[in-house]
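Under this note's numbering, the first residue of the sequence shown is numbered 14, with each subsequent residue one higher. C-beta atoms are modelled at their ideal positions from N, C-alpha and C, and glycine is treated no differently.
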Amino acid sequence: MVADACELSVRSSGVLLVVSGPSGVGKGTVLERLLERHPELSMSVSCTTRAPRPGEQEGRDYHFISPQEFQQQVAQGGFLEYACVHANLWYGTPRKPIEEALQAGHDIALEIDYQGARSVRQLLGGRATLVFIAPPSWEELVRRLRGRSTETEEATVRRMASARMEFRNMGLFEYIVINDRLDDAVDQLEAILIAERHRLHRTAWRQLQGRLLAEDD
């Protein structure tokens, strides 16, 4: 066989699905449903300097590290994106495990805000697929936010202002998924995942074709 003689193999890179959207849009729920359909898809585990909350586990929910360790990782370029969220608590997406997983052909999902998505795009370029989860309307988003019984009015107003900023940056994303009906939104995100897998496979086959032609010469 030609492939055996040339020791050729086709291994495409994994898909990095970067999912963003405003608070209250339901992006976490959409991702949970997608993971139920595709258990081979893994969620990226972020690093944080905050203390673990009851029930959280190291390596499953977050990697809990000290502020000194976090800043050391920043200095070494160890994060795809990072941010100080509030009260001097830092969150970041570790770069090495994601790049290693993608190189091994594993698919990774990452839930971050638009600023983090921009940083990932700058570092990884076309290796990242950016998806924005949007509400069907502004009124529906406000209804969902006000329906959170644990939120104060001040917190709701703050989230609404953040949502406006998210919407202004929707042009950064390659795909927009409208979360009106949950099942439809999951179907759309699943279709994006499958389409990106096929795109990467086509790239791998073209590389194989090039190697075959080179061997033929």
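Check each candidate in the options and name the one with the smallest Cα separation from residue i.
| i | options | result |
| --- | --- | --- |
| VAL144 | THR169, LEU154, TYR188 | TYR188 |
| PRO149 | HIS99, ILE191, VAL28, ALA117 | ILE191 |
| TYR104 | ALA117, GLU113, GLU124, HIS119 | GLU124 |
| HIS99 | THR62, LEU54, GLY27 | THR62 |
| GLU53 | GLU112, HIS119, TYR75, ASN101 | HIS119 |
| PHE186 | LEU195, GLU209, ALA130 | ALA130 |
| ASN182 | GLN135, GLN222, ARG212, ASP126 | ASP126 |
| VAL28 | ALA204, ALA147, GLN222 | ALA204 |
| VAL31 | ARG224, ALA227, GLY223, GLN128 | GLN128 |
| TYR75 | LEU136, LEU226, PRO107, GLU113 | PRO107 |
| ASN101 | GLN84, ARG172, LYS40, SER132 | GLN84 |
Can you look up residue i in the DSSP assignment and give me helix, strand or coil?
| i | result |
| --- | --- |
| HIS211 | helix |
| PHE186 | coil |
| LEU30 | strand |
| GLU166 | helix |
| ALA130 | helix |
| ALA122 | strand |
| ILE78 | coil |
| VAL199 | helix |
| THR42 | helix |
| LEU54 | coil |
| ALA147 | strand |
| ALA174 | helix |
| ALA117 | coil |
| GLU69 | coil |
| ARG224 | helix |
Can you have a look at residue i and say buried or exposed, based on whether 16 or more other CB atoms are within 10 angstroms of its CB?
| i | result |
| --- | --- |
| THR165 | exposed |
| PRO67 | exposed |
| THR163 | exposed |
| ARG215 | exposed |
| GLN86 | buried |
| ALA64 | exposed |
| GLY139 | exposed |
| LEU154 | buried |
| SER79 | exposed |
| ARG194 | exposed |
| ALA168 | exposed |
| VAL170 | exposed |
| CYS60 | buried |
| ILE207 | exposed |
| LYS109 | exposed |
| GLY184 | exposed |
| ALA227 | exposed |
| ALA174 | exposed |
Who pairs with residue i in a beta bridge, going by DSSP?
| i | result |
| --- | --- |
| TRP103 | CYS97 |
| THR61 | PHE77, TYR104 |
| ILE111 | DSSP lists no partner for ILE111. |
Could you check whether the Cβ of residue i sits closer than 9 Å to any Cβ belonging to chain C?
| i | result |
| --- | --- |
| TYR127 | Looking for chain C here will not work: only one protein chain is present. |
**Prompt:** Should the region 173 to 184 be called in touch with the region 28 to 46, which here means at least 3 C-beta pairs below 8 Å?
**Reply:** Enough Cβ pairs lie closer than 8 Å, so yes.
Do three or more CB pairs link the region 194 to 201 to the region 44 to 58 at distances below 8 Å?
The region 194 to 201 is in contact with the region 44 to 58.
Below 8 Å, how does it come out for the region 108 to 119 and the region 151 to 163: are there three or more Cβ pairs, yes or no? In short, these stretches do not touch, since the Cβ pair count stays below three.
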